[in-house]
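To start, the structure itself, in structure tokens.
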Amino acid sequence: MKISLFRALWALSLLGVLGGCVGAPQNLPAPSAPVSSPSPTLAPTTTPVLTPQATPTSAPERIRLLGPGNRLRLSADGHWGVGMDRESLFLWDAGRGVFEPLRVGPEGQPAAGIGPALSANSRLIAFFARQPRPTPAGDPDCYPLALYDLNTGQLEWLPASISRMGIAGHAGPALSADGRWLAWANDSTCPPGPGVYLYDRQSQRLHRVHPPTESPAVFGGALVALSANGRFLAFVTKDDGVVPEDRNGQFDVFLYDRETGKTAWVSRPVRPEDPPQPSGLQLVPGTDGAWEGGIALSADGRFLAFAAAARLVDRPLKPCAPWPGAEPLPFCRHIYLYDQETGQMELVDANAAGEPGDGAAEGPTVSGDGRWVVFATRARNLGSVGATECPSRPVWGRPCDLWLAVWDQTTGRVTILSRGEAGRLAGPSYNPVLSADGQWLAWTSEALEWLPKPLSLPKGRPAEYLYLAEREALLRFQTAP
1 MKISLFRALW ALSLLGVLGG CVGAPQNLPA PSAPVSSPSP TLAPTTTPVL
51 TPQATPTSAP ERIRLLGPGN RLRLSADGHW GVGMDRESLF LWDAGRGVFE
101 PLRVGPEGQP AAGIGPALSA NSRLIAFFAR QPRPTPAGDP DCYPLALYDL
151 NTGQLEWLPA SISRMGIAGH AGPALSADGR WLAWANDSTC PPGPGVYLYD
201 RQSQRLHRVH PPTESPAVFG GALVALSANG RFLAFVTKDD GVVPEDRNGQ
251 FDVFLYDRET GKTAWVSRPV RPEDPPQPSG LQLVPGTDGA WEGGIALSAD
301 GRFLAFAAAA RLVDRPLKPC APWPGAEPLP FCRHIYLYDQ ETGQMELVDA
351 NAAGEPGDGA AEGPTVSGDG RWVVFATRAR NLGSVGATEC PSRPVWGRPC
401 DLWLAVWDQT TGRVTILSRG EAGRLAGPSY NPVLSADGQW LAWTSEALEW
451 LPKPLSLPKG RPAEYLYLAE REALLRFQTA P
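For the sequence shown, position 402 (counting from the first letter as 1) is numbered 402 according to UniProt numbering, and the numbering increases by one without interruption.
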């Protein structure tokens, strides 16, 4: 995942709320009704900011443009989603074919905030809120944790807040499938302080997973992922001592079992003599807080996918730069899949010859059964890739050599997604999110070649848009002539 705090704050100064919806494919699957139907306060956008020159409507395999944004969280079946663009929150409804501003509360107030998450049953949305605010509002730099029920229209305030300047808030909270359990990390002094937390809405009890007791001296946490039943919680922190043997001073990945109360150090290096390297999250030096990495859990918590620059498999790994222009690190940042049932660790981003990717990888997402892992990579030895130079169009300045890749656990095969409906991509794609059933994939991209005809971009608007398509359709595009 890619986040820049300066970008988020700069965006707040721009005029207007950029959103909009585009025409819906007539054959998109309709959602299963009652459980996930939205409340009447969700009104469609009436004046789209962006209108593509060509919107796919005739075939189920077409790629769908949703609108401006940098991340979309999907329900288990992919029929619903919640996204964010410049702190404005949006709702995707496949049944009505609209991507519209999320309106909450009795007055239908537009919701704004960071890190939105959606329960797998598509009923509950959790986010750190800039708008609306509870009464009393509290510190404006601390965004409170809100939970919105799409069925009832009820807005619930939870005992947590985060700093809008931190990593944890932008990474967002995590929800169990039914919304009973919420997990989040806090890397700020906003109450209840730095740490990793698990909250039970049924008993209204807050549990501090890390650190065991309140301590302002710790970093806290940065990223979280939660299994469907809320039993397993994966998290990332750079604090030493989460387990006694972890003293490397780096970001690491841990897995907490709520039933046993035990925490396992997942990103433990296989060779103690290796130089310490971060896992789960890596800060981009020379930036205003940008980071790359990511973690994701399968529905039952058995499989944990994550990015790591540490060597976690006992095999030779080559050095490479974690991002363009940076000095090479001892090892490339790879995607790993940990099976907690067998204890095995597998390197995901390798080609058919078994060679690890020769470029850094980030942002893994995993299907509910753990079969499919999608990630972003700069590697050129995993498959056929596209252009290396960005065309003249407004972008955030990222290099174009960042592609999505799909890994199938049953075959061990990696497929690079380097083609859209218009042919080879000439722009970066990142922040992939799979639906739990593995059928649907959402992602962010600055490449305009996903659609048959290029977009007409608003002047000065960075080309960062959300897309949605069936995973199998995207794989078929890659074999097109």
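Cβ coordinates follow ideal geometry from the N, Cα and C atoms, glycine included.
Reduced DSSP secondary structure (H/G/I, E/B, other) of residue 451: Indexing the sequence shown from 1 puts residue 451 at position 451. The three-state reading of DSSP puts residue 451 in coil, since its state is none of H, G, I, E or B.
Sequence-distant residues of its chain with Cβ nearer than 7 Å to residue 347 (five each side left out): Walking along the sequence shown from the start, residue 347 turns up at place 347. 313, 334, 336, 356.
Through-space distance from residue 244 to residue 466, alpha-carbon basis: On the sequence shown, position 466 is the one that residue 466 refers to. On the sequence shown, position 244 is the one that residue 244 refers to. One C-alpha to the other measures close to 42 Å.
Range of the contiguous alpha helix (DSSP H) that encloses residue 477: Locating residue 477 in the sequence shown gives position 477, counting from the first residue. First-last of the alpha helix (DSSP H) with residue 477: 471 to 477.
First through last residue of the beta strand (DSSP E) which encompasses residue 405: Mapped onto the sequence shown, residue 405 falls at position 405. Under the DSSP assignment, residue 405 falls in the beta strand (DSSP E) whose first and last residues are 403 to 408.
Presumed contact (8 Å Cβ cut-off) between residue 162 and residue 236, rounded CB distance: Counting from 1 along the sequence shown, the entry for residue 162 is found at position 162. Counting from 1 along the sequence shown, the entry for residue 236 is found at position 236. Contact check for residue 162 and residue 236: beta-carbon distance about 15 Å, past the 8 Å limit, so the pair fails to qualify.
Segment limits, alpha helix (DSSP H) that includes residue 169: What you label residue 169 is simply residue 169 of the sequence shown in a count that begins at 1. Note, residue 169: alpha helix (DSSP H), 167 to 171.
Beta-carbon gap between residue 367 and residue 297 smaller than 7 Å: Within the sequence shown, residue 367 is the residue found at index 367, counting from 1. Within the sequence shown, residue 297 is the residue found at index 297, counting from 1. No, Cβ-Cβ distance for residue 367 and residue 297 is not below 7 Å.
Cα-Cα separation between residue 477 and residue 293, rounded to whole angstroms: The count along the sequence shown starts at 1 and reaches residue 477 at position 477. The count along the sequence shown starts at 1 and reaches residue 293 at position 293. Taking the Cα positions, residue 477 is about 27 Å away from residue 293.
Backbone CA spacing between residue 359 and residue 322 [nearest angstrom]: Here residue 359 corresponds to residue number 359 of the sequence shown, with the count starting at 1. Here residue 322 corresponds to residue number 322 of the sequence shown, with the count starting at 1. Approximately 8 Å between the Cα atoms of the pair.
Where residue 151 falls: helix, strand or coil (DSSP): As a position in the sequence shown, residue 151 is number 151, starting the count at 1. Three-state result, residue 151: coil.
Classification of residue 196 by the beta-carbon crowding that lies within 10 angstroms, buried from 16 upward: Translated into positions along the sequence shown, residue 196 becomes position 196. By the neighbour-count rule (16 or more Cβ atoms within 10 Å), residue 196 is buried.
Residue of 413, 329, 89, 104 minimising C-alpha distance to residue 154: Residue 154 sits at position 154 when you count from the first residue of the sequence shown. Minimum Cα distance to residue 154 is reached at 104.
Coarse secondary structure for residue 111, derived from DSSP in three states: The residue given as residue 111 occupies position 111 in the sequence shown. DSSP places residue 111 in coil when its eight states are reduced to three.
Separation of residue 209 from residue 111, as counted between CA atoms: The residue given as residue 111 occupies position 111 in the sequence shown. The residue given as residue 209 occupies position 209 in the sequence shown. For the pair residue 111 and residue 209, the Cα-to-Cα distance works out to about 29 Å.
Close beta carbons around residue 159, own chain, < 6 Å, minus the five adjacent residues each side: The count along the sequence shown starts at 1 and reaches residue 159 at position 159. Excluding sequence neighbours, residue 159 sits near 206.
8 Å contact criterion, which residue 497 and residue 69 should meet: CB distance rounded: Coverage of the chain is limited to positions 1 through 481, which leaves residue 497 absent and any answer about it impossible.
Secondary structure of residue 312, DSSP reduced to three states: To locate residue 312, count along the sequence shown from 1; it is residue 312. If DSSP states are grouped into helix, strand and coil, residue 312 belongs with coil.
Cβ neighbour criterion (16 or more within 10 Å) applied to residue 269: Within the sequence shown, numbered from 1, the residue matching residue 269 stands at position 269. Residue 269 is buried by the Cβ-count criterion.
DSSP beta-bridge partners of residue 71: Residue numbering aside, residue 71 sits at position 71 when the sequence shown is read from its first letter. Paired residue(s): 84.
Opposing strand residues paired with residue 306 [DSSP bridges]: Residue mapping note: residue 306 aligns to position 306 of the sequence shown, counting from 1. In DSSP, residue 306 forms a bridge with 295, 336.
Residue 186 - containing beta strand (DSSP E), residue span: As a working note, residue 186 is residue 186 in the sequence shown. Here the beta strand (DSSP E) through residue 186 covers 181 to 186.
Residue 279 beta carbon less than 7 Å from that of residue 240: In the sequence shown, the residue the question calls residue 240 occupies position 240. In the sequence shown, the residue the question calls residue 279 occupies position 279. Pairing residue 240 with residue 279 gives a Cβ-Cβ distance that is not under 7 Å.
Residue-level contact to chain B via CB, residue 167, 7 Å cutoff: Among the protein chains of the structure shown there is no chain B, as only one such chain exists.
Collapsed DSSP secondary structure at residue 354 in the structure displayed: Residue mapping note: residue 354 aligns to position 354 of the sequence shown, counting from 1. It is coil, neither helix nor strand.
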